[in-house]
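Only one structure is covered here, and it is reproduced in the block below.
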Amino acid sequence: MYIKFFMKEKTLKKQTDIFYKINNEVDFPIANIGRDSYVCDSVINTGIDYTISNGYAAHNLQIGQFVSVAVGVEFCMNINHNYFNLSTGVSDLFENNSHKENVERHKQKGQIIIQNDVWLGHNSTIMPGVTIHNGAVVAANSHVVKDVPPYAIVGGNPAKVIKYRFKKEIIDKLLAIQWWNWDDEKIRSNNRYFNENVEEFCEKFYNEAIEQKKKIEKLEIEKLAYSYLFFVDFGEKYSITERVLIEFLSKFGMNEDYQLILYVKEEYFEKNEEIIITFNDIITKMLMEMRAKCTVTVCIDSKESERAIFKSVDYFIANRSSDTVLHSCYADENNVRIISGVDVPVF
């Protein structure tokens, strides 16, 4: 289904969910978009209407802060056909209720992450599974099928790197500074730098950013060979926590080298202590019943510690929360691989 997507410039002042009624019934978060990002007349091409009735949705469009989306951009999620089947067509003649889709061969991809300060040129197409990293530019009429590096300018079909906006030294400094995460007051008081030499900006703020980063202490969590991080999303209308847990146990449950860290924010725990305690009891019971060898850890900590937890993991499983773009940036700075928690299968 095609969903028209528009957001006027200078309207949003925080990460905001955009809801849409799927099949005129389900109010679903079709996108999460950040501060001072705008979208001209664009479209979301999604297969969500085919799966929502089955209780899941391979759909997660995340757009960060200060992103510019031009006219005619198309975001594609979960619309791929299974080319491993005899036919790629759709017909009542092919339907067989006793046959289940072979998800091992046919992965349903439903996530697109657009980080911060990104510019998408008109009539460009962004395919599912793509992350466009901070500062990147996508030229008009481009077809993006794989991740775009930070501050790269890409174009063509398929889109390829044409050049980079700045030299590597400057890019590394900008990624350390992360000015898009500053509050409004700090940006406003330093706005003269946004129209001046970028090197001067980096010279002023880079050392400050490095000193702040040095203060981030690694959390004391036992590190196994393969550690996965997921932020529990019980506060979201369409939580994927249960499905992520079940799939993790199904895939890695009998392997002692695998660990799933379920991060719960202190603020949520204080208001929903009973829910988390019950959830932890359920996990313990599941592990015992299947005689699992893997490790599942519920970690309750502050929002300020979120950045630190990425020092202790190998994989980050993204959800639909408003912090997903921020968390994807934390993953990048620690060379943590990003996995979509809405894909089918997840692992």
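Quick note on the UniProt record's numbering: the sequence shown kicks off at 1 and runs consecutively.
Just so it is clear, CB atoms sit at the ideal spot from N, CA and C, and this is done for glycine as well.
Small disclaimer: the values here were computed from a predicted structure and weren't measured.
Could you check what DSSP says for E74 in three-state terms: helix, strand or coil?
The residue labelled residue 74 in the question sits at position 74 within the sequence shown. The three-state reading of DSSP puts E74 in strand, counting E and B together.
Please report how far the alpha carbon of N335 lies from the alpha carbon of P150, in whole angstroms.
In the sequence shown, the residue the question calls residue 335 occupies position 335. In the sequence shown, the residue the question calls residue 150 occupies position 150. Looking at the two C-alpha atoms, the distance is approximately 13 angstroms.
State yes or no: is the C-beta of A58 within less than 8 angstroms of the C-beta of G121?
Sequence index remark: in the sequence shown, residue 58 carries index 58 (1-based). Sequence index remark: in the sequence shown, residue 121 carries index 121 (1-based). No, they are not a contact pair.
For K160, verify whether its CB is less than 7 angstroms away from any heavy atom of the ligand SAM.
Absence of the ligand SAM is noted for the structure shown, with no ligands found whatsoever.
Cα-Cα separation between V344 and S239, rounded to whole angstroms
For this step, residue 344 is matched to residue 344 along the sequence shown. For this step, residue 239 is matched to residue 239 along the sequence shown. Near 15 angstroms, if we compare the C-alpha coordinates of S239 and V344.
List, from N- to C-terminal side, the beta strand (DSSP E) runs of 3 residues or more that fit wholly inside the stretch 110-171.
111-114, 152-155, 160-164
Hey, could you find the ends of the beta strand (DSSP E) Y2 is sitting in?
Residue mapping note: residue 2 aligns to position 2 of the sequence shown, counting from 1. Taken as a continuous stretch (DSSP letters only), the beta strand (DSSP E) holding Y2 covers 2-7.
Considering R243, what are the terminal residues of the alpha helix (DSSP H) in which it resides?
Start at 1 with the first residue of the sequence shown, and residue 243 comes out as number 243. Counting along the chain, the alpha helix (DSSP H) containing R243 begins and ends at 241-252.
Count the other CB atoms within 10 Å of the CB of D233; is the residue buried (16 or more) or exposed (fewer)?
Stepping through the sequence shown from its first residue, residue 233 is reached at position 233. Looking at its Cβ environment, which holds 16 or more other Cβ atoms inside 10 Å, D233 is buried.
Leaving out the 5 sequence neighbours to the left and right, which residues in its chain are closer than 8 angstroms to E266 when beta-carbon positions are compared?
Here residue 266 refers to the residue found at position 266 of the sequence shown. The answer, listed in chain order, is I300, D301, S302, K303.
Round the Cβ separation of F201 and D117 to the nearest angstrom and send it over; I've been treating them as touching at under 8 angstroms.
One-based indexing of the sequence shown puts residue 201 at position 201. One-based indexing of the sequence shown puts residue 117 at position 117. At roughly 13 angstroms, the Cβ-Cβ gap does not stay under 8 angstroms, so F201 and D117 are not in contact.
Can we say the stretch 181-192 touches the stretch 140-148, given the rule of at least three CB pairs closer than 8 angstroms?
no
If I follow the unbroken beta strand (DSSP E) through C299, where does it start and stop?
Within the sequence shown, residue 299 is the residue found at index 299, counting from 1. It spans 295-301 - the beta strand (DSSP E) in which C299 sits, taken as one unbroken run.
Sub-8 angstroms separation of residue 352 and C294 beta-carbons
In this structure the chain extends from 1 to 347, so residue 352 is not present and cannot be described.
For residue 360, which of helix, strand or coil comes out of DSSP?
In this structure the chain extends from 1 to 347, so residue 360 is not present and cannot be described.
In whole angstroms, give me the CA-to-CA distance for G64 and L175.
Counting from one through the sequence shown, the residue named residue 64 turns up at place 64. Counting from one through the sequence shown, the residue named residue 175 turns up at place 175. Distance between the alpha carbons of G64 and L175 is about 14 angstroms.
Could you spell out where the beta strand (DSSP E) holding S328 opens and where it closes?
In the sequence shown, counting from the first residue as 1, residue 328 sits at position 328. Note, S328: premise wrong, no beta strand (DSSP E); alpha helix (DSSP H) at 324-333.
Does the Cβ of H81 have 16 or more other Cβ atoms within 10 Å, making it buried, or fewer, making it exposed?
The residue labelled residue 81 in the question sits at position 81 within the sequence shown. H81 is exposed by the Cβ-count criterion.
Please confirm whether Y263 and I309 have their CB atoms less than 8 angstroms apart.
Locating residue 263 in the sequence shown gives position 263, where the first residue counts as 1. Locating residue 309 in the sequence shown gives position 309, where the first residue counts as 1. In contact: Y263 and I309 (Cβ atoms closer than 8 angstroms).
By a C-beta neighbour count over all protein chains shown, 10 Å radius and 16 as the cutoff for buried, is residue 364 buried or exposed?
For the chain, the structure presents residues 1 to 347; residue 364 sits outside this window and is missing.
What is the rounded straight-line gap between the Cα of L287 and the Cα of N60?
Within the sequence shown, the letter at position 287 stands for residue 287. Within the sequence shown, the letter at position 60 stands for residue 60. Going from the Cα of L287 to the Cα of N60 covers about 29 angstroms.
Helix, strand or coil for Y83? Go by DSSP, reduced to three states.
In the sequence shown, the residue the question calls residue 83 occupies position 83. Coil at Y83, not helix or strand.
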